[in-house]
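Asker:
Here it is as C-alpha cells:
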C-alpha cells in the first residue's frame with residue numbers, strides 16, 4: 001500500500017508541476033504530452049540509478065530548464 005501512496009503522491013506532484021508551467025486553457029493532449037515527458041524522465045532516473053535529471057524546453061523565447069530530483 002505504501003508504494004501506491006508514494007506513486008500517487010509523485011504523479012500528483014507531476015500534475016501540479018505541469019499545470020504550474022503551462023497554466024490553463026490547453027487541450028488535454030498538451031497536458032498529456034507534458035506529463036509523459038515528466039514521468040519518462042523519472043523512469044530513466046530510476047533505471048540508471050541517477051538522482052538528478054533535467055528537462056530542457058527550447059520552444060520558448062529562451063531555454064527553460066527544469067530539475068527533477070528523486
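In UniProt numbering, the protein residues as written are 1 to 70. Every residue gets a Cβ at the ideal spot worked out from N, C-alpha and C, and that includes glycine.
Classify residue 45 as helix, strand or coil using the three-state DSSP reduction.
Answerer: By 1-based counting over the chain shown, the position of residue 45 is 45. Looking at residue 45 - three-state DSSP - the assignment turns out to be helix.
Asker: Using a Cβ distance threshold of 8 Å, determine whether the segment 20-27 contacts the segment 35-54, with at least three qualifying pairs required.
Answerer: They do not touch, by the three-pair rule.
Asker: Kindly indicate which residue of 28, 25, 27 and 68 has the alpha-carbon position closest to the one of residue 45.
Answerer: Within the chain shown, residue 45 is the residue found at index 45, counting from 1. Ranking 28, 25, 27 and 68 by Cα distance to residue 45 puts 68 first.
Asker: Taking C-alpha atoms, which residue in 61, 15, 41 and 42 lies nearest to residue 30?
Answerer: Walking along the chain shown from the start, residue 30 turns up at place 30. Closest by alpha carbon: 15.
Asker: Going by Cα to Cα distance, which pick from 7, 70 and 56 is closest to residue 48?
Answerer: Numbered from its first residue, the chain shown carries residue 48 at position 48. Residue 70 is the option with its Cα nearest to residue 48.
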